[in-house]
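The block underneath contains the structure these notes are about, expressed in structure tokens.
Chains as they are written, first to last, in this note's numbering: chain A, 14 to 251; chain B, 14 to 251; chain C, 14 to 251; chain D, 14 to 251; chain E, 14 to 251; chain F, 14 to 251.
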């Protein structure tokens, strides 16, 4: 079974990370993964939310959303209906947790860096692209603080990136596009640090439960993708 | 490091599954896991949501919520503030997906079974207890349809249950209570079928990324818990 | 005309008041009236709302809600739709007012005790059961403050309980179950203190206006019910 | 203790009922009770809500609201905050129930008459004034249907009006203004038909529970007020 | 083509400005323009919103809304649906901006005057009537501050009023009623000061774009209307 | 007084119109005006809203929003707070009206084309840029229908574009950037067709009312800007 864009099963789509794309945001990165495009903008605020007050620790939340026509069919605009967008809130929490797993909050000090991930165009993998791009935007913002000599060393302990893997028919695939994701029997998002330690693993059998052996083969694939993404992040931030 | 309730690391809390606890619901199960108590009520409706119409297939959604004083500190009641409860929506989606992974929707036919999971008291593991109890409530509801001869065989392909595992200090623990969950370096929820195939795995490094080896040891622990829960489900449904 | 559960017109359903049912709440009471079950949990907070500040007086609010499948047909979960649940808010206000009518707020001091009444199962009379159970939960919470020697005498001037009465056909009935309430020509909720003084009377002619004579006979019935409930409250709190 | 406007305890404020005050509404009545002013507009719709469909019966709902500066201090405008206005919803339900107690829905036929009661100026007794005025607006709207020969006789079985009574110090008062209502120990709203049968009684001990004897004296006072209001309604509708 | 009420194209409807119509509001004006009636109530508050703090400057916001049956067909009540009323918010902003264009905020000092414009009956031109009436209510409120000697001279630099003009068929009309407005090819609202300087111009080609020459003729018509309204405002405030 | 980017008063910023920028949308245009960037995506739907049904006429609505960090300071994300974004709704209505003024709805037929205008980066003039870009996206979408031979001639009667003009100090300026707009005494948005007829004019004296003569000079400036934008639209669509 061949992939819609003729990739090999363990092959990622072309990835680009463009930094410095915003006039206003302190850190910015537009990430392109095939036809998926996410604009990641990091905003610095010299205060922290109530639960962090008096601790001396900073905070890094994220917000994720999609433009209404990012997808092949137009969806209702978030915030025009009264209903909460459960999927967007769930992904916002995931992106925030992933970034926070590598930040040294004592070194960051009592400030908040919010990373907005807005999907301009979606073709599968928007949450993993958001994490990979958000890390770059976050570091760009941290560099502006470093330039103001607020800390000598960037307050991150490792890099973080994410990729999807899945099972479609008998194939185990890396970096699913929407047409694949949509029909996958197993869909897994893996968030790892640059040193290939696990930050988050979210695997779902959409239709057919899977075995421990399959899980391990999928994680091998994911590791390979994270290695490529980490190298691209390093180049973009150099 | 000893556990607050003096359990061994690979030991679950006492679990009880009481069925037939509701006068009105077609299926019901109150699950108790240590001090965690969840009331799972399954409601049958002879119609399906719009996206299932004309397909002949049924649907199984779930809704999860907590009483305001289920927790050690009172939380604001959902639905009194204007803000959506992202956590409750995320868990509702997880419980629904887990149940649906074992249902034969063609055999169920064009009807919806909604399972409400309301946490009466919380001490960690409310989402995994909800899945384990919701499966029992769902089957109880399916039995009432079977009794009306709407199908010969229950339209489920396997059972499903869930348990948490985690890393606290140097210990790898099964079935974390709140005091443990709160301080865990790694927190993982594992949903598996009775045949020990994976339905969902959600692992989060709250603080310290983890290795592939640790992941495998945690999954071994989880398998052991799922085996126990599956046996209890069979007894409750017998 | 006989009652669905073969009671005499002036006969109440079996009532149980279980105290100490919560691990976390400072005061708790699960009240059972026939098939109606309400979990009443009282939470102490060492602060008061803005309108009570600087007065030295405490405050006692209540919140009432129902689980979605507490009723014979599943209702939409409060807080998932954008619409406010007018009925639940109205009853929350009634329960709060009833409790406040017997509290000595100067003796309570500058603290808030919130009583959550969550209906686990409904078969008519959920608001009156909530008041009767909430009083017990409130006193249980007050006792924990008394045990900390914050006051010598419990800061309540009397007890408070509630019962429904109504007219169905030619019968005047005490403590209507749902099947009766639903068809009643007159439906009245009566809140009284242990000394049989009126705190609140809410009578509604659903279909046929009623006379002053009928009102008086209904209040006689209610007094009898309040006497029984008061005795049960005293036993539960002893 | 004298009343702020020097009335005798059993004396009502001046009441005016102006009909035909709207260019658009099918029935209209502006009721003035002292400084309280409510605009009641009845709108006819040739359809019924879902729960009345296929029954041949009509429906009469009401909606109550206040202008933000109807009161001595400006309140936030309903619908600008996200929070529901529990008080307005509760009164809307009361006004609707009161009107429905005298309507013959089979004779009305499959149509809805919505009565909007908007308080232009408030000085106590806005809910009772709303009921008294809403009945007049409703009948005005019914007359336009009668003029179109949709029924021979107006589909109402009796008239309906409402008044407040209360206890302030040692006085039992009829028709409390805001300054009285605010300080009353007992506050009661009584809805009665023109034939002096009870439709709704809502009595609340704000501060001090009351006796059965007091209740009876208050109802005597209310009856006297309803007699006066009924006469004014008849004159306005003549 | 004759106008529905037989006016000449450049003729306004009868306008009345009644002041002192509220018991509670510090300033009040009920404006009637033909069948359009708006109640304008000004409320003084001795504080300012956050963005004005520490500036010594006052603030003047406005809020506009319509009763549900102000119009020929009943509209859903604002605040009962979850959806925002975009039109009411847009007009609220317009009325506020118009008033603020003539206020001397330094002379007003650190206080807020909110003007509520509630449309009791609508027949076109509700937003322009709101501006004209709101100015009168605002000045009435300012006079109460002047009477308390908080300033010698009223802190307004000019008066402000508003009128609609439009194109219907080949006619250029002043002060459109609803039947005209509804069918107009061009609809323009003009806000001007008493000295005939422009404060706001909002012209919309509903159907057919218009020329610069037409714009100028319409502004001539509007000036004439503003002159009349300004004279009426002066009389009402005298 | 020189402009921040050293332009002459009647000089526009560099404008770019990129078409075909979306994989999914039927029509797309990313418009850049200086540092203002708006992504305009047109979506075709083969149905019309209820008020257009049975008329044979199409419909063209627009929705406008801003990314949270499009501006120099981060704003709260629309749809996360409960409050409606009045400004975004007002601009959405303006963009929709402007597009509809040039569409031939009978020729379009019974379909809806929704144009989403999402501001990726804002530096003043986002609403006028949205109109200019939305027209291009709309025509691109219409061309795909033309290519399917659904009509011979594009169902538009003229083009439409928009520009801002304003008064800052003694200067009358074309195309204000944010730093200018923010301090302008008069701010005017002008929407015109390619044949230089007026579609919409919205002029606001933020601080100092203005004269008829100034209005005319500002409109002359606007005409010059519209001429330039119309030429760029023609080139982009060629």
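Beta carbons are placed, not taken as given, at the ideal position from N, Cα and C, and that holds for glycine.
Source: prediction; values computed, not measured.
- C-alpha of residue 100 of chain A to C-alpha of residue 91 of chain F: approximately 16 Å in a straight line.
- Three or more Cβ pairs closer than 8 Å define a contact, and the region 68-77 of chain F meets that threshold against the region 118-137 of chain F.
- Chain E has a Cβ within less than 8 Å of the Cβ of residue 224 of chain F.
- With distances taken between CA atoms, residue 174 of chain B lies nearest to B:152 out of B:200, B:135, B:58 and B:152.
- Of all residues in the region 33-57 of chain A, those with a C-beta nearer than 7 Å to a C-beta of chain F are 35, 36, 37, 38, 48, 52, 54 and 56, reading in chain order.
- For residue 231 of chain D, the enclosing alpha helix (DSSP H) has its first and last residue at 225-250.
- Neighbours of residue 188 of chain A across chain F, judged by C-beta separation under 9 Å, do not exist; the nearest C-beta is about 17 Å away.
- Annotation for residue 133 of chain C: the continuous beta strand (DSSP E) segment containing it runs 125-134.
- CA-to-CA, the gap between residue 34 of chain A and residue 168 of chain F works out to about 37 Å.
- DSSP lists A:214 and B:201 as the beta-bridge partner residues of residue 216 of chain B.
- The C-alpha of residue 157 of chain C lies about 15 Å from the C-alpha of residue 148 of chain C.
- Secondary structure at residue 33 of chain D: coil, using DSSP grouped into helix, strand and coil.
- When Cβ pairs closer than 8 Å are counted between the two stretches, the region 101-111 of chain A is seen not to touch the region 136-144 of chain F, the count staying below three.
- Your pair residue 179 of chain D and residue 201 of chain D checks out as a contact, with CB atoms roughly 6 Å apart and the cut at 8 Å.
- In the structure shown, the three-state DSSP call for residue 71 of chain C is coil.
- In this structure, F:48 is the residue among F:48, F:40 and F:247 with its C-alpha nearest to the C-alpha of residue 188 of chain F.
- Against chain C, the beta carbon of residue 131 of chain B has neighbours under 7 Å at 80, listed in chain order.
- For residue 215 of chain E, the chain F residues whose Cβ falls inside 7 Å of its Cβ are 215, in order along the chain.
- Apart from sequence neighbours up to five positions away, the residues of its chain that approach residue 220 of chain A with a beta-carbon distance below 6 Å are 198, ordered along the chain.
- In the three-state reduction of the DSSP assignment, residue 40 of chain A falls in the strand class.
- Rounded to whole angstroms, the gap between the alpha carbons of residue 111 of chain D and residue 172 of chain D is 10 Å.
- Contact between residue 115 of chain A and residue 170 of chain A holds, since their C-beta atoms are separated by about 5 Å, short of 8 Å.
- According to the DSSP secondary-structure assignment, residue 25 of chain F is paired through a beta bridge with no residue.
- Sorting A:139, A:19, A:43 and A:193 by C-alpha distance to the C-alpha of residue 246 of chain A places A:43 at the top.
- The Cβ atoms of residue 154 of chain A and residue 40 of chain A lie closer than 8 Å to each other.
- Taken through DSSP and simplified to helix, strand or coil, residue 179 of chain C comes out as strand.
- Your pair residue 54 of chain D and residue 82 of chain E checks out as a contact, with CB atoms roughly 4 Å apart and the cut at 8 Å.
- Shown here for residue 208 of chain D: same chain residues with a beta carbon closer than 7 Å to its own, the five before and five after excluded, namely 171 in chain order.
- For residue 133 of chain A against residue 52 of chain A, the beta-carbon gap comes to about 6 Å, under 8 Å, which counts as contact.
- Residue 46 of chain B places its beta carbon 8 Å or farther from that of residue 65 of chain B.
- The beta carbon of residue 76 of chain A falls within 8 Å of a beta carbon belonging to chain F, placing the residue at that interface.
- In the three-state reduction of the DSSP assignment, residue 60 of chain B falls in the coil class, being assigned neither a helical nor a strand state.
- Per DSSP, the continuous beta strand (DSSP E) segment holding residue 184 of chain C begins and ends at 184-187.
- DSSP, reduced to helix, strand and coil, places residue 174 of chain B within a strand of the structure shown.
- A residue is called buried when at least 16 other Cβ atoms come within 10 angstroms of its Cβ; residue 226 of chain A does not meet this threshold and is exposed.
- A residue is called buried when at least 16 other Cβ atoms come within 10 angstroms of its Cβ; residue 15 of chain C does not meet this threshold and is exposed.
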